[in-house]
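Q:
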Amino acid sequence: MEMTIPVLILAIPLFMFLFLGLLGMKMSHKLAGTLGTLGMGTILVLSYYTAFQYFFSGAPEFINAAGERLQYLVFDQTWLQFTEKLVIKVGFFLDPISAMMLVVITTISFMVHLYSMGYMRDHHGVYEHGFQRFYAFLSLFSFSMLGLVVAPNIFQTYIFWELVGASSYLLIGFYYTKPSAVSASKKAFIVTRFADLGFLIGILVLSYYGGTFNFAELTSAPVEGLAGVSQVSLGTAEGIKAMFTNSAAPVFMGASVLTWALVLIFMGCMGKSAMMPLHIWLPDAMEGPTPVSALIHAATMVVAGVYLVARLFPLYLMETAALDIITVVGALTAFYAAMVACVQVDIKRVLAFSTISQIAFMMVSLGVARPEFHEGLGYMASMFHLFTHAMFKALLFLGAGALIHAIGSNDYTAMHGLRKYMPITHWTFLIGCLAIAGIIPFSGFFSKDEILSSCLGYSWVAYLWMSLVAGMTAFYMFRLYYLIFWWKEHETPEGHHAPHDQPWTMSLPLIFLAAVSCVAGFIPFGELVSWNGHPYDFMAHFDWSVAAVSLCVAVAAIVLATVMYRKENPLPSKMRNALPALWTWCYHRFYWDELYMFITHSIIFRSVCRPLAWFDRHIIDGTMDAFATVTNKVSEAIKPLQSGQIQMYVWYYLIGALALGVVTILCLL
Amino acid sequence: MEITAVYYLIPALIMFCCGVYGFITRKNMIAMLISLELMLNAVDINFVVFNRFLYPEQMEGMFFTLFAIAIAAAETALAIAIIINIFRAAKNIDVRSLNEMKF
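Listed below in structure tokens is the structure:
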């Protein structure tokens, strides 16, 4: 495969960012939006072509004679050379998961570009202030995310990891005149940045001991006779582990250094993927425009953590302690987020917590994946769920955006009974809910079922736990669905239009994503993506008993939601009064934000920052002020010497000259 | 009585001191200029005397003196031009009242 198309995939969005960012204000809103969408459409076509080539062309660099998928380094350019060994490169790495991510990112991004053409304007068709800037930032994000997934070395991953964080910051704070948006963007940036500290240390430890940044050298073995082609190999990962154990200090604080490195890298993933306890930024990130939430905070950026763990999966297999940590963190987060999602009022918050819960599903699935069990089913299930979740969660967010656009509020109490007014939104949203709830034949059913199967292979506790969370997922999604689309509709005030469906630019993405959510489950994903590239029959590992149980759980949860929320009735408030403490804790998100506020404000600020501020203000500033004051005073004192009287100057000169003469003579004597 | 270098140097020293005294004390700028010329001429005499008595086979001191006389003439012309301009602007060439150029 030649270099042109991969280079273009990265170059076009970067160019669009610079072009729209620098010249956007010179062109009309419509032109800027159209150009951004067309640019994204081009990348979409190129990425589909690349992914198609990778999966189906059968070229020797992509698939070997045994039908195993290979990793191909399309190009690898030296970017920074510090020393002989420490070289930072930028490249393009094609393997099953990066090809899949290319498809996911460009699809969702294109849909969001198209959707924003309708969303970012009011009912009179007036575009929002900063519309061009919005498209420039969307292009920046697409560039960063694409660069992240195709990174052939962990340092490039890190660079683009920070770039997606920065573009997320810019887009959350898009309404920068709104204080809540500004603080949400800062929160997102600081929390993820804090997590990235661990990530950076993990990278440094890993590359210091392992001697390389390249994924191919960490987890794969090169294929004979083909340049730039490698194949996932546990032998290489074992070699890396041996380098750790043979080093001077293989153990640090009771755990092996490799475990430390992997856990620290996972800390970065926790920040990006909003795992507890670093999840607090994601619900607040909903302050950004809804298309941004759909693109960044549901479908693409937040799964970067899952993606990175999947990238380093052979190394994680070397240290199952790290995988166990991932499983526990993921399971706790999934349950916690599902609990909170059951009582939230803001529809975007429900979706945000649902996202956290679903990403935790993917994490658990990676954590329980073992090659011994169904050839690493969990890995494939995780990637499959990533794919289907991206589609249906983007659909749900875009649907929520359409509702917010029509109603002008995020609060479900302002909605109720919209199914008559907004049929397209209603049907697509329902498909999204069915998909996330895991009802056959929608896509979420298949991916979630495989996750539950792999959990069962790990331990029955994990299986029961995750099945419970899956049931809660179905419950809170249908609670949301009924509260928005059923109940008695509000009276339309005099002089207002009744809410209505949106223009085609907004409907088309909804319909497309709904169609994908209907059929994505039938993609033979196991043949395309697996942890070692070895294809296997998807249906052979399909556990019908697990499927039946999860389907029953989902249906039961939906029935419960129907009973409680289909019509206005006293049942929800009765339940709430039965367990008031639980309800309050869920409603306040288990007081995580308050805990963080307490730690930062009452402990860190008071005991560390205030003394530091005092030192800065009094000692450092004081020293500098003293220099300035002394200089000022001295110059005031000697100022009269410059009197303007030439003859006085002659006097000074004469006295000086005589003094020098006297000194010289004294010295000579 | 043989005339030694000291016989020349003492009048030159007196001339120089007179020049310095005049330059510091006179209010009139023309008088200050004259004092300046006096100092220059004293220095010129020194040049000639040291050349004549210490290195009689060389001529550098003589040429330096000629050079300094030429420069002094040019400098005088310049100074007078400045003084005339000051007089036009301030109607006055009293150096003690011309103290605009201070802090």
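Quick note, the sequences are listed as chains H and U, same order.
Numbering of the first sequence is given in my numbering, commencing with residue 1 and proceeding in unit increments.
Numbering of the second sequence is given in my numbering, commencing with residue 1001 and proceeding in unit increments.
Note that CB positions come from ideal geometry on N, CA and C, so glycine has one too.
Since we're looking at a predicted model, the values are computed, not measured.
1. For Leu1013 (chain U) and Ile1084 (chain U), what's the separation of their Cα atoms in angstroms?
2. Hey, out of H:Ser467, H:Phe213, H:Val292, whose CA is closest to Ala548 (chain H)'s CA?
3. Which residue spans inside the stretch 256-314 of chain H form an unbroken alpha helix (DSSP H) run of at least 4?
4. Is there contact here, the stretch 325-336 of chain H with the stretch 387-395 of chain H, by at least three beta-carbon pairs under 8 Å?
5. Could you give the DSSP three-state label for Ala221 (chain H): helix, strand or coil?
6. Pull the bridge partners of Phe252 (chain H) from the DSSP assignment, please.
7. Indicate whether Tyr169 (chain H) and Phe189 (chain H) have their beta-carbon atoms separated by less than 8 Å.
8. Kindly indicate the opening and closing residues of the alpha helix (DSSP H) around Tyr705 (chain H).
9. Got a sec, what are the start and stop residues for the beta strand (DSSP E) Val232 (chain H) sits in?
10. Report yes or no: do the stretch 1093-1101 of chain U and the stretch 1043-1050 of chain U share at least 3 C-beta pairs separated by less than 8 Å?
11. From this set, H:Cys455, H:Leu483, H:Ile431, which residue's C-alpha is nearest Asn569 (chain H)'s C-alpha?
12. Would you kindly work out how many angstroms separate the C-alpha atoms of Thr259 (chain H) and Ile325 (chain H), rounded to a whole number?
13. Quick check: Gly198 (chain H) and Met267 (chain H), are their CB atoms within less than 8 Å of each other?
14. Please compile the residues from chain H whose C-beta is within a distance smaller than 7 Å of the C-beta of Glu1037 (chain U).
15. So who's on the other strand from Phe1103 (chain U), going by DSSP bridges?
16. Mind pulling the alpha helix (DSSP H) runs of 4 or more residues that sit fully within the stretch 507-591 of chain H?
17. Could you compute how far the alpha carbon of Leu323 (chain H) sits from the alpha carbon of Leu317 (chain H)?
18. To be precise: take each residue of the stretch 629-660 of chain H, compare its Cβ to all Cβ atoms of chain U, and keep it if any distance is under 8 Å. Which residues remain?
19. Please name the residue, chosen from H:Glu594, H:Thr413, H:Ala402, H:Ser144, that lies closest to Ser167 (chain H) on a Cα-to-Cα basis.
20. Would you say the stretch 87-107 of chain H touches the stretch 38-53 of chain H, given that touching needs at least three Cβ pairs under 8 Å?
21. Show which residues of chain H have a CB atom less than 9 Å away from the CB atom of Val1095 (chain U).
22. Counting beta carbon pairs with one atom in the stretch 237-250 of chain H and one in the stretch 127-145 of chain H, are three or more of them shorter than 8 Å?
23. For Leu551 (chain H) versus Ile440 (chain H), is the C-beta distance shorter than 8 Å?
24. Is the shortest distance between the beta-carbon of Lys1102 (chain U) and the beta-carbons of chain H less than 8 Å?
25. Check the Cβ-Cβ distances between Asn1085 (chain U) and every residue of chain H, and say whether any is below 8 Å.
26. For Lys89 (chain H), which of helix, strand or coil comes out of DSSP?
27. Three-state secondary structure (DSSP) at Tyr127 (chain H)?
28. Flag this pair as yes or no: are the beta carbons of Ala216 (chain H) and Ser230 (chain H) separated by less than 8 Å?
29. Enumerate in chain order the residues of its own chain whose CB-to-CB distance from Leu670 (chain H) is below 6 Å, with the five nearest sequence positions on each side excluded.
30. Here's the rule: buried if 16 or more other CB atoms are within 10 angstroms of the residue's CB, otherwise exposed. What is Ala1070 (chain U)?
31. Which word fits Asn153 (chain H), buried or exposed, when buried means at least 16 other C-beta atoms lie within 10 angstroms of its C-beta?
32. For Phe1064 (chain U), which residues in the same chain have their Cβ closer than 6 Å to its Cβ, ignoring the five residues on either side in sequence?
33. Three-state secondary structure (DSSP) at Arg121 (chain H)?
34. For the 8 Å Cβ check, are there 3 or more pairs between the stretch 350-365 of chain H and the stretch 292-302 of chain H?
35. Can you tell me whether Ile356 (chain H) is buried or exposed, with buried defined as 16 or more other CB within 10 angstroms of its CB?
36. Looking at the unbroken alpha helix (DSSP H) that takes in Asn1092 (chain U), where does it start and where does it end?
A: So, from the listed chains and residues:
1. Going from the Cα of Leu1013 (chain U) to the Cα of Ile1084 (chain U) covers about 31 Å.
2. H:Ser467
3. The stretch 256-314 of chain H contains these whole alpha helix (DSSP H) runs: 257-272, 281-284, 290-294, 304-311.
4. no
5. It is a strand residue.
6. H:Ala255
7. yes
8. In the structure as shown, chain H begins at 1 and stops at 669. Residue 705 (chain H) is therefore absent and cannot be evaluated.
9. 229-232
10. Verdict: no, contact absent.
11. Per the Cα distances, H:Leu483.
12. Distance between the alpha carbons of Thr259 (chain H) and Ile325 (chain H): 10 Å.
13. yes
14. Here the premise fails: no neighbours, minimum Cβ distance about 16 Å.
15. Answer is none; Phe1103 (chain U) lacks a bridge partner.
16. 525-528, 544-565, 571-578, 580-587
17. If you take the alpha carbons of Leu323 (chain H) and Leu317 (chain H), they lie about 7 Å apart.
18. Lys639, Pro640, Gln642, Ser643, Gly644, Gln645, Ile646, Gln647, Val650, Trp651, Leu654
19. H:Ser144
20. yes
21. Gln645, Ile646, Gln647
22. no
23. Closer than 8 Å, so yes.
24. yes
25. no
26. strand
27. Note: Tyr127 (chain H) maps to strand in three-state DSSP.
28. yes
29. Summary: the structure shown does not reach residue 670 (chain H), with chain H confined to residues 1 through 669, and so no result is reported for it.
30. exposed
31. buried
32. Phe1047
33. strand
34. Yes: at least three Cβ pairs fall under 8 Å.
35. Sixteen is the threshold: when 16 or more other Cβ atoms of the shown chains lie within 10 Å of the Cβ of Ile356 (chain H), as they do, the residue is buried.
36. Run containing Asn1092 (chain U): none; DSSP gives neither H nor E here.
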